[in-house]
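J.: Order-wise, the sequence lines are chains A and B.
76 is the number that the numbering used here gives to position 75 of the first sequence; each next residue is one higher, with no gaps.
86 is the number that the numbering used here gives to position 85 of the second sequence; each next residue is one higher, with no gaps.
Sharing a structure here in C-alpha cells format.
There are 2 protein chains.
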Amino acid sequence: MAKKNDLLPGTLDLLILTTLKRAPLHGYGIALAIKRLSDEVLTVEEGSLYPALQRLLLQGWVKAEWKMTETNRRARFYTLTAAGRKQLGVELSEFQQMIAAIGRVLQDA
Amino acid sequence: MAKKNDLLPGTLDLLILTTLKRAPLHGYGIALAIKRLSDEVLTVEEGSLYPALQRLLLQGWVKAEWKMTETNRRARFYTLTAAGRKQLGVELSEFQQMIAAIGRVLQDA
DNA sequence: ATGTATGCATAGATTATCTATGGATAGAAA
DNA sequence: TTTCTATCCATAGATAATCTATGCATACAT
Chain A
2 MAKKNDLLPG TLDLLILTTL KRAPLHGYGI ALAIKRLSDE VLTVEEGSLY PALQRLLLQG
62 WVKAEWKMTE TNRRARFYTL TAAGRKQLGV ELSEFQQMIA AIGRVLQDA
Chain B
2 MAKKNDLLPG TLDLLILTTL KRAPLHGYGI ALAIKRLSDE VLTVEEGSLY PALQRLLLQG
62 WVKAEWKMTE TNRRARFYTL TAAGRKQLGV ELSEFQQMIA AIGRVLQDA
C-alpha cells in the first residue's frame, strides 16, 4: 500500500479555520469547500476531519451548534470564535513564514 | 510544553534531497545547510534527520560513504543517486502542487 | 424498495517528528 | 594538561497527525 497523503501534514487546522472565516459550515461542507477551492487537489478524509474539529473545539477556536441544512438535515455547524479568528492569523503567518523559508532552501540549494 | 515544530511535517525528505543536489554532504552539514539557507527559520533536529537519512538510504534515493571532512573528522557523506535525483523531481512537483492548492484555499475562502 | 448522496463519528494502524540521550574526537583555551 | 566547545554519529521513547476502514442514520430520487 503506497502512502499517498491527500494533504500536507500540519496544514489541516489552518485550512479548516480558513473555510470558516466567512460563514459557519458543517463538517461535510468544510470538506467539500476545501476540495472545491483547491480544484480537487486537496481531499480531507473524514477520519482526519472530525478529530481535527474535536481538537479545535477543545481549544476553543471554534464552537458548534446543531442546526438544519438547506436540505433539511440535522448537522453540526462550526463557527469561528474570536479566539479562533486570532489563532487563524497566527497560524497563517507561521505557515507563510515556513513556506517562504522552504522556498529559499529549494531555490538556493 | 508547547508544541513547536521546527519544520513543516512532510517536507524533510524534500529538503534533504535538495541540499544534496549540488554536492555530497554529511548529516551535520545537511542540518547546517538547511538552517543557513532558510535564514535560521528551519531547524532539523538530529532525531529527525538521522531516521530520515535511514529511510532515504533504504529506498535507494541516497548512498553513503565514510570519508574525512576538511576538519579531519570521519563522517558519512550522503550522495544523491540517479533514482534520488528522479525522486527529488517528483517530490518537488508534488510539493509545489500542494502549496499552490493550499494557496488557493487560503486566498479564496 | 432500493440506491445514492449527505451527514455524523470512532477505532486502529501508520508515519513523522521531537525530546532526550549517549558516545567519540579535534582543536582551542585555560 | 585539563577542560571546554564544536563537530559528528546514532538510538529510544513519546507525541501528534493523518489515513484506512468502519458503522449508523436519513432525505430524496428512481
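Where is the CB? At the ideal position from N, CA and C, for every residue including glycine.
Where does B:V91 fall in DSSP's three states?
T.: Mapped onto the second sequence, residue 91 of chain B falls at position 90. It is helical.
J.: My assumption, with CB atoms under 8 Å, is that A:A102 sits in contact with B:S39. Please give the rounded CB distance.
T.: Here the question's residue 102 of chain A lines up with position 101 in the first sequence. Here the question's residue 39 of chain B lines up with position 38 in the second sequence. Yes, A:A102 and B:S39 are in contact; Cβ-Cβ is about 4 Å, under 8 Å.
J.: In terms of residues, what are the limits of the beta strand (DSSP E) holding B:E41?
T.: As a position in the second sequence, residue 41 of chain B is number 40, starting the count at 1. B:E41 -> no beta strand (DSSP E), and no H or E assigned at all.
J.: Per DSSP, B:W67 forms a beta bridge with which residues?
T.: Taking the second sequence and counting its residues from 1, the one referred to as residue 67 of chain B is at position 66. Its beta-bridge partners are B:R77.
J.: Could you pull out every residue in the same chain whose Cβ sits closer than 8 Å to the Cβ of B:F78, ignoring the five residues on either side in sequence?
T.: Mapped onto the second sequence, residue 78 of chain B falls at position 77. Cβ neighbours of B:F78 beyond the five flanking positions: P25, L26, H27, A65, E66, W67, K68.
J.: Express the C-alpha separation of B:G30 and B:T72 in angstroms, rounding to a whole number.
T.: Reading the second sequence from its first residue, position 71 is the one you call residue 72 of chain B. Reading the second sequence from its first residue, position 29 is the one you call residue 30 of chain B. One C-alpha to the other measures close to 12 Å.
J.: Below 8 Å on the Cβ atoms is my contact criterion, and I expect A:L15 with A:L93 to pass it. Report the Cβ-Cβ distance as a whole number of Å.
T.: For the purposes of this step, residue 15 of chain A is taken as residue 14 along the first sequence, with counting starting at 1. For the purposes of this step, residue 93 of chain A is taken as residue 92 along the first sequence, with counting starting at 1. Indeed, because the Cβ distance is near 7 Å, the residues count as touching under 8 Å.
J.: What does B:D40 touch in chain A if you count any residue whose Cβ is under 8 Å from its own?
T.: Locating residue 40 of chain B in the second sequence gives position 39, counting from the first residue. Under the 8 Å cutoff, chain A gives A102, R105.
J.: Rounding to the nearest angstrom, what Cα-Cα distance links B:Q98 and B:D109 in this structure?
T.: Position 97 of the second sequence, counted from the first residue, corresponds to residue 98 of chain B. Position 108 of the second sequence, counted from the first residue, corresponds to residue 109 of chain B. The alpha-carbon atoms of B:Q98 and B:D109 are separated by roughly 17 Å.
J.: For A:L26, write down the residues that DSSP places opposite it in a beta bridge.
T.: As a position in the first sequence, residue 26 of chain A is number 25, starting the count at 1. Answer is A:Y79.
J.: Would you give the residue range spanned by the alpha helix (DSSP H) that A:D14 belongs to?
T.: The sequence position of residue 14 of chain A within the first sequence is 13, counting from 1. 13-20 is the extent of the alpha helix (DSSP H) around A:D14.
J.: Let me know if B:A59 comes out buried or exposed under the rule of 16 or more other beta-carbons within 10 Å of its beta-carbon.
T.: Here residue 59 of chain B refers to the residue found at position 58 of the second sequence. Sequence check: residue 59 of chain B is Leu here, not Ala. The residue in question, B:L59, is exposed, as its Cβ has fewer than 16 Cβ neighbours within 10 Å.
J.: Anyone know if the C-beta pair for B:T19 and A:L57 falls short of 7 Å?
T.: Taking the second sequence and counting its residues from 1, one reaches residue 19 of chain B at position 18. Taking the first sequence and counting its residues from 1, one reaches residue 57 of chain A at position 56. Taking 7 Å as the Cβ cut-off, B:T19 and A:L57 do not qualify as a contacting pair.
J.: Which chain A residues are close to B:T80, counting only those with a beta carbon under 8 Å from its beta carbon?
T.: Counting from 1 along the second sequence, the entry for residue 80 of chain B is found at position 79. Under the 8 Å cutoff, chain A gives no residues; its nearest Cβ is about 15 Å from B:T80.
J.: Can you grab the Cα-Cα spacing for the pair B:A34 / A:T70, in whole Å?
T.: The count along the second sequence starts at 1 and reaches residue 34 of chain B at position 33. The count along the first sequence starts at 1 and reaches residue 70 of chain A at position 69. Roughly 52 Å between the two C-alpha positions.
J.: Taking the CB atoms as reference points, tell me whether A:L54 and A:L8 lie closer together than 7 Å.
T.: Mapped onto the first sequence, residue 54 of chain A falls at position 53. Mapped onto the first sequence, residue 8 of chain A falls at position 7. Contact: no.
J.: Give the interface partners of B:Q88 over in chain A, defined as CB-CB distance under 8 Å, in chain order.
T.: Sequence index remark: in the second sequence, residue 88 of chain B carries index 87 (1-based). Here the premise fails: no neighbours, minimum Cβ distance about 14 Å.
J.: In chain B, which residues lie less than 9 Å from A:Q98 when you measure between Cβ atoms?
T.: Along the first sequence, read from residue 1 onward, the residue named residue 98 of chain A stands at position 97. The contacting residues are V42.
J.: Identify whether B:L107 lies in helix, strand or coil by the three-state DSSP scheme.
T.: As a working note, residue 107 of chain B is residue 106 in the second sequence. Helix at B:L107.
J.: Could you confirm whether any beta carbon from chain B is found closer than 7 Å to the beta carbon of A:P25?
T.: Sequence index remark: in the first sequence, residue 25 of chain A carries index 24 (1-based). It does not; no Cβ of chain B falls within 7 Å.
J.: Which chain B residues sit within Cβ distance under 8 Å of A:N6?
T.: Start at 1 with the first residue of the first sequence, and residue 6 of chain A comes out as number 5. Within chain B, the residues near A:N6 are G11.
J.: Determine the direct distance from the alpha carbon of A:T12 to that of B:G104, and round the result to whole angstroms.
T.: For the purposes of this step, residue 104 of chain B is identified with residue 103 of the second sequence, where counting begins at 1. For the purposes of this step, residue 12 of chain A is identified with residue 11 of the first sequence, where counting begins at 1. Roughly 11 Å between the two C-alpha positions.
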